[in-house]
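Below: one structure, written as structure tokens.
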Amino acid sequence: MIIIDAASPVPPFEQLRAQLARQIQDRTLAVGARLPTIRHLAADLGLAVNTVGRAYRELEEAGLIETRGRAGSFVSAAGEEGRERARRAAADYAAVIASVGIDAAEALRIVQAALTSGAAAPASS
Numbered sequence: 001m002i003i004i005d006a007a008s009p010v011p012p013f014e015q016l017r018a019q020l021a022r023q024i025q026d027r028t029l030a031v032g033a034r035l036p037t038i039r040h041l042a043a044d045l046g047l048a049v050n051t052v053g054r055a056y057r058e059l060e061e062a063g064l065i066e067t068r069g070r071a072g073s074f075v076s077a078a079g080e081e082g083r084e085r086a087r088r089a090a091a092d093y094a095a096v097i098a099s100v101g102i103d104a105a106e107a108l109r110i111v112q113a114a115l116t117s118g119a120a121a122p123a124s125s
């Protein structure tokens, strides 16, 4: 269920994008699930077609959905693949931490520092 708050300072396209992204990430919307058409969702939410279109474009650019022409827009498997890469990287990191004798609390501080500093560089595939 999507709720757009007209009184919010957050633009409607961003409210929609964020709610759909959250539903995809928490798996409320499963991989392969077909999303409503842009026109249908715009009508249901009382939004302009361009507003919904912008939210869908941003979700597609983020790899969360994919558009298959006239077939429509679907939740992409790319988000699930990203989670799996993160799980593998975490397992590799845990193995390194254990091999060098760093305790779990320190390992978590290292990760937190990397995440907050933006120093975490994308790994090459």
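According to UniProt numbering, the sequence shown is numbered sequentially starting from 1. Think of the CB as a built atom: it goes at the ideal place given N, C-alpha and C, for glycine as much as any other residue. Computed from a predicted structure; not experimentally measured.
Leu20 places its beta carbon 9 Å or farther from that of Leu45. By the criterion of a C-beta distance shorter than 7 Å, Glu60 is surrounded in its chain by Glu66, Thr67, once the five residues flanking it on both sides are discounted. Under the three-state reduction of DSSP output, Arg17 falls in the helix class. DSSP places Ser117 in the uninterrupted alpha helix (DSSP H) bounded by 104-117. Of the candidates Ala43, Ala48, Arg34, Arg39, Arg34 places its Cα closest to the Cα of Ala71.
Taking a 10 Å sphere around the C-beta of Pro12, we find 16 or more other C-beta atoms and assign the residue as buried.
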